[in-house]
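Line by line, the protein sequences give chains V and X.
If you read the first sequence in the working numbering, its first letter stands for residue 95, the second for the next number, and so on.
If you read the second sequence in the working numbering, its first letter stands for residue -3, the second for the next number, and so on.
Every residue gets a Cβ at the ideal spot worked out from N, C-alpha and C, and that includes glycine.
Here the structure comes first, spelled out in structure tokens, and everything after it is commentary.
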Amino acid sequence: MKIFRYLFLFAVLLPLAACSPQEETPLVLYSGRSESLVAPIIEQFTTETGIEVEVRYGGTAEMAATILEEGANSPADLFWAQDPGGLGAVAAAGLFAELPDDLLDRVPPGFRSPEGTWVGISGRSRVVVYNTDMLSADDLPDDIMGFTDPAWSGRIGWAPTNGSLQVMVTAMRQIWGEDEARAWLEGIIANNPVVYENNTSIVAAVAAGEVEVGFVNHYYLYRFLAEEGESFSARNAFLDSGGPGSLVMVAGAGVLASSDNEEYAQAFLDFLLGTTAQAYFAEETFEYPVIAGVALPSELPVLESLTSPAINLADLEDLAGTVELLQSTGALP
Amino acid sequence: MLPPVTEKTDLRTGRSPVRKSVFFTSSKPSLRSLLLWLPAALVAASLLVPVVYLVIRAASGSQGLWETVFRPQNAAVLGNSLALAIGVAFCSALLATPLAWLTVRTDLPLRRFWAVLTALPLVIPSYIGAYLMVSTIGPRGLLQGWLEPLGVERLPSIYGFPGALTVLTLLSYPYTLLSVRASLLGMDPALEEASRSLGRTAWDTFWKVTFPQMRPGLAAGSLLVALYALRDFGAVAIMRYDSFTRVIYIQYQSLIDRSAAAGLALVLVAVTIGMIWIEQRTQQAHRLYSSGSFKRPPAILPLGRWKLPAVLFCGFVVLVSLVIPAANLGFWLVRGFAAGEQLGRHWGATFNSLAVSAAAAVVIVAAALPVSVLSVRRPGRLAGLLDRVSYIGFALPGVVIALALVFFGANYAPWLYQTIPMLIFAYLVLFLPQATGAVQTSLKQVHPNLEEAGRSLGRSPLTVFRRVILPIVRPGLLSGAALVFLTAMKELPATLILSPIGFGTLATSVWGAVNAVFFARAAVPALLLIVVSSVPMGILILRRDL
């Protein structure tokens, strides 16, 4: 039984070892964005301001749900979400504090909460990723509606459970109207699209030739290119019709109303909206800056304008309608 | 020493009717029985936390909640989940039973080596396992790439039921394997010897004597496998199989209605209770006692000309469930190196993973003991209820449990919230049945005669427990600890949400890297997860403890 004795000792000592003394209360950030993508810029914030930041990483939906359960007792000062849906859920529960205008006004109106509770930090565009061995960019329709053509049957990959796709469908409902959005979904489903779990699996499957095209966010491809090199057989096509198929949406952040560290939290957002951080997003994570005057790397095409159609992508009621639509068309179980 | 014939013991199998134990038995409630009931009740109460949360959430829902929960489509999806759970449990039993027998009872070459390797797939997170499977044998995976010169453009699709079944079987059969191994290790060799000496053939003896002894372990392991398949989200998502957890996740992911998600999770709770009821029905009222000559190692059967097929079988299982995924990870790693990836350091995460999983293993086995003793030795309605309650956490997706504990922790125990003890508590809620299953299987092999003998010789119940029972149930305790350890190593949702801030584990490193499409960066912690887990497993198996 000796082994049990050691294990027991270990179990007792571990919590003690984990409780090291703390000095000043650092800023606590719940991040729905990946550590590998945002940790460097957070470190830079600490270097520049001397403000320590402790980060809890997780999925955006899980982090938002955690904040909703914690309510007024949340240890978090800030929430940085991957998509507007997560921000909208926290905002709808009234858990965000209002941000000062000088932060909000830095970004175009479509990229911040209409109520002033969160602000966009970086932009991502919906694109069509296509297999370069099977197709060229000219083979693709200009408009995402073009993929409802039966010619695309069995060639499309999509991820109806994915938050970004749901936001795109929400945009379709707002821009095109309910009937046309339904027509698009039914047309795509009639083409027997292959269902994937997320954007990453779609890009991988397109490159492998499992499907020829996929509906994704633009920046996943660049990670694959960095790892697998130029021979990776998938590229992005930015649809040029300006419709929902080329929607630009934001990852954003807000300060929690329960935070007792509001000043530092706003300083953090101020830093993220500054030129250093915005240039980091453009060059390192291949996202679109949300402020003017930041140069884009050569991989990213200049978008005509960064103004999204005047729609509120974080509107939760709309998202509920989208999920209902996806379920009633059979896109979701 | 064989069980006394006076008690209608079936000599062939060593079966005799259930007898209440003298251990902690007395005619009136005593302090001693309180010592057993109190911790068991505490454990059970803590396991009810998620259910209470789900009821609170579901009750706060709107009118439309039950419409969402009882949509007609949900019945079909629930059917999918049940089919998958049963299929995976069945296939796992087919793999695990011969593996357990070969590695415990035969002269299989390198059998401890096989024993370690065949247990390890349990540490591979299911979404990683599924992703690796797709990239290996998917329609356009690695295998297709090799076959392309032969004109193979595309392999048959593995998505849907076959893919989900294959991945989940390969990742979860060790549950059955470790449980059955514990049964075999705790088995009394005298039973088989008696059977052989009475003229039965080896084949007959296996089916009439050995197999019945393996059955409790098989049932306990299969239940774990079935529940694992029921609650899994990662593999079914990648394999595009519409299981019930997917419906729950869609509700959580879209963040629209947590009360509907709670209502759906309650349906899963009801299904779990049904499955446990079935498992208990298959466990006969008879108990399989060992005579207690536990110091004797089990007899080793020579395989003879079956040696090569047996080795090939073990090799095949290890190849498919462990070597191919690991080689694939190695491929990511090499490709990443070539592209100049920064691979990062993982000492901290490795230590955290090991420490917190080992601590969880000890705490959870300790918590499993009172519950198991009660349900085995004091079978009654209340003890049965305690036992059943312990399975609920295991059947719910990790994120549901994590959010339940967020709700209670943040609002009612802020001093405990997001600390190591809280994380271990979450593991307890999630993994307790892995330990109770294994411990109970062993306890069932302890003949009450032994306790009676000890007591009649004037020893106190505690001394009897420590000196007589504990040594016999040791394989069960260790196999329970091993199961908890291996699954805690890969646990993700609760670790992300409930660990102290900044506390990274290997599993969270893998997830973070894959999430951001840094496959090479994911390969290092994923390989470490496998290698590091093999060390304690190796020690236990080589010391003949497991």
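Residue i to residue j span [Cα, whole Å]
i, j, result
"X/Gly389", "V/Thr242", "44 Å"
"X/Gly270", "X/Ala257", "20 Å"
"X/Gln247", "X/Thr102", "50 Å"
"X/Ser122", "X/Thr491", "16 Å"
"X/Gly182", "V/Ser327", "56 Å"
"V/Asn355", "V/Leu121", "7 Å"
"X/Ala509", "V/Ala166", "31 Å"
"X/Leu297", "X/Ser529", "30 Å"
"X/Ile320", "X/Ser179", "30 Å"
"X/Met485", "X/Val520", "15 Å"
"V/Leu400", "V/Ala361", "Caution applies to V/Leu400, whose pLDDT of 48 falls short of 50 and renders its modelled position unreliable; the model cannot decide the point."
"V/Ala376", "V/Thr369", "10 Å"
"V/Ser340", "V/Arg220", "5 Å"
"V/Pro383", "V/Glu357", "24 Å"
"X/Asp383", "X/Thr483", "20 Å"
"V/Glu291", "X/Ala233", "6 Å"
"X/Pro366", "X/Gly213", "19 Å"
"X/Pro467", "V/Ser295", "50 Å"
"V/Glu192", "V/Thr211", "5 Å"
"V/Arg249", "V/Phe309", "12 Å"
"X/Arg451", "X/Val47", "40 Å"
Delimiting residues of the alpha helix (DSSP H) encompassing residue i
i, result
"X/Trp343", "Trp343 to Arg373"
"X/Ser573", "Residue 573 of chain X lies beyond the residue range present for chain X, which begins at -3 and ends at 542; the question has no answer from this structure."
"X/Leu516", "Leu is not the amino acid found at residue 516 of chain X; the sequence shown has Ala there. Its alpha helix (DSSP H) spans residues Phe515 to Leu538."
"V/Trp278", "Glu272 to Ala284"
"X/Trp328", "Ile320 to Ala334"
"X/Gln414", "Unbroken run through X/Gln414: none, as it is neither H nor E."
Bounding residues of the beta strand (DSSP E) (the contiguous stretch that carries residue i)
i, result
"V/Arg329", "Ala328 to Ala331"
"V/Tyr224", "Val213 to Asn225"
"V/Asn311", "Val307 to Asn311"
"X/Leu392", "Unbroken run through X/Leu392: none, as it is neither H nor E."
"V/Met343", "Val342 to Val349"
"V/Gly251", "Ile250 to Trp252"
"V/Val122", "Leu121 to Ser125"
Residue i Cβ short of 8 Å to the ligand GTP heavy atom set
i, result
"X/Leu492", "As for the ligand GTP, it is missing from this structure, which has no ligand bound."
Member of the options whose CA lies at the smallest distance from the CA of residue i
i, options, result
"X/Gly332", "V/Gly217, V/Ala186 and V/Ala320", "V/Ala320"
"X/Leu329", "V/Trp246, V/Glu322 and V/Gln176", "V/Glu322"
"V/Pro169", "V/Arg150, V/Ser327 and V/Arg206", "V/Arg150"
"X/Ser168", "X/Ala222, X/Ser179, X/Glu188 and X/Ser131", "X/Ala222"
"X/Leu381", "X/Ile272, X/Ile420 and X/Val402", "X/Ile272"
"X/Val130", "X/Ala190, X/Ala477, X/Met235 and X/Gly508", "X/Met235"
"X/Asn76", "X/Leu226, X/Gly230, X/Val513 and X/Val263", "X/Leu226"
"V/Arg329", "V/Leu363, V/Val288, V/Ala299 and V/Ala351", "V/Ala299"
"X/Arg254", "X/Arg374, X/Val506 and X/Ala54", "X/Ala54"
"X/Pro417", "X/Leu538, X/Ala400 and X/Ser495", "X/Ser495"
"X/Lys440", "X/Leu473, X/Val314 and X/Tyr423", "X/Leu473"
"V/Leu333", "V/Leu198, V/Gly182 and V/Gly240", "V/Gly240"
"V/Ile283", "V/Leu420, V/Asn293, V/Glu304 and V/Leu394", "V/Leu420"
"V/Ser125", "V/Ile161, V/Ile145, V/Thr119 and V/Gly144", "V/Ile161"
"X/Glu487", "X/Phe66, X/Phe229 and X/Ile244", "X/Phe229"
"V/Glu164", "V/Val184, V/Val222 and V/Val147", "V/Val184"
9 Å Cβ cut-off: residues of chain C touching residue i
i, result
"X/Ser255", "This model lacks chain C altogether; the protein chains it does include are V and X."
| said: Extract the residue ranges of the beta strand (DSSP E) inside the region 146 to 190 of chain V, only unbroken runs of 3 or more that lie entirely within it. | reply: Qualifying beta strand (DSSP E) stretches, in chain order: 147 to 151 and 172 to 175.
| request: State whether the region 409 to 425 of chain X contacts the region 69 to 87 of chain X, with contact taken as three or more CB pairs (one from each stretch) at a distance under 8 Å. | output: The region 69 to 87 of chain X and the region 409 to 425 of chain X do not touch, with fewer than three beta-carbon pairs separated by less than 8 Å.
| Which ranges would you report for the alpha helix (DSSP H) in the region 98 to 122 of chain X if only whole runs of at least 4 residues count? | Every unbroken stretch of the alpha helix (DSSP H) spanning 4 or more residues and falling wholly within the region 98 to 122 of chain X is given here in chain order: 107 to 115.
| Do the region 249 to 257 of chain V and the region 314 to 330 of chain V make contact, defined as three or more Cβ pairs closer than 8 Å? | A contact is defined here as three or more CB-CB pairs under 8 Å, and the region 249 to 257 of chain V fails this definition with respect to the region 314 to 330 of chain V.
| request: Go through the region 135 to 214 of chain X residue by residue and report every complete run of the alpha helix (DSSP H) that reaches 4 residues or more, in order. | output: Within the region 135 to 214 of chain X, the complete alpha helix (DSSP H) runs of at least 4 residues are 138 to 143, 157 to 181, 185 to 193 and 198 to 201.
| field | Runs of alpha helix (DSSP H) wholly within the region 359 to 402 of chain V (minimum 4 residues, chain order) | value | Complete alpha helix (DSSP H) runs here, min 4: 369 to 378.
| said: Could you check whether the region 456 to 468 of chain X touches the region 424 to 436 of chain X, counting it as contact only if at least three pairs of C-beta atoms, one from each stretch, sit closer than 8 Å? | reply: Flag = no, the region 456 to 468 of chain X and the region 424 to 436 of chain X do not touch.
| message | Across the region 364 to 372 of chain X and the region 121 to 138 of chain V, are there enough close Cβ pairs to call them in contact, namely three or more that are closer than 8 Å? | response | As far as the Cβ criterion goes, the region 364 to 372 of chain X does not touch the region 121 to 138 of chain V, which means the pair count is below three.
| said: Check whether the region 379 to 399 of chain V and the region 224 to 232 of chain V are in contact - that is, three or more C-beta pairs closer than 8 Å. | reply: These segments do not touch.
| query | Do the region 478 to 496 of chain X and the region 159 to 175 of chain X meet, that is, are 3 or more Cβ pairs less than 8 Å apart? | reply | Yes, the region 478 to 496 of chain X is in contact with the region 159 to 175 of chain X.
| Do three or more CB pairs link the region 343 to 359 of chain V to the region 211 to 228 of chain V at distances below 8 Å? | Contact holds between the region 343 to 359 of chain V and the region 211 to 228 of chain V, because three or more Cβ pairs, one in each stretch, are under 8 Å apart.
| At a cut of 8 Å, does the region 339 to 354 of chain X reach the region 140 to 156 of chain X through at least three beta carbon pairs? | Taking 8 Å as the limit for Cβ pairs, the verdict is that the region 140 to 156 of chain X does not touch the region 339 to 354 of chain X.
| request: Give a yes or no on contact between the region 152 to 164 of chain V and the region 204 to 211 of chain V, applying the rule of three or more CB pairs nearer than 8 Å. | output: Counting C-beta pairs closer than 8 Å gives fewer than three between the region 152 to 164 of chain V and the region 204 to 211 of chain V, which falls short of the contact rule.
| query | Does the region 194 to 212 of chain X come close enough to the region 105 to 117 of chain X that 3 or more CB-CB pairs lie under 8 Å? | reply | No, because fewer than three Cβ pairs between the region 105 to 117 of chain X and the region 194 to 212 of chain X fall closer than 8 Å, the two stretches do not touch.
| query | Considering only residues of the region 216 to 266 of chain X, which uninterrupted alpha helix (DSSP H) runs meet the minimum length of 4 residues and lie entirely inside it, listed in chain order? | reply | Listed in chain order, the complete alpha helix (DSSP H) runs (minimum 4 residues) inside the region 216 to 266 of chain X are 230 to 234 and 240 to 250.
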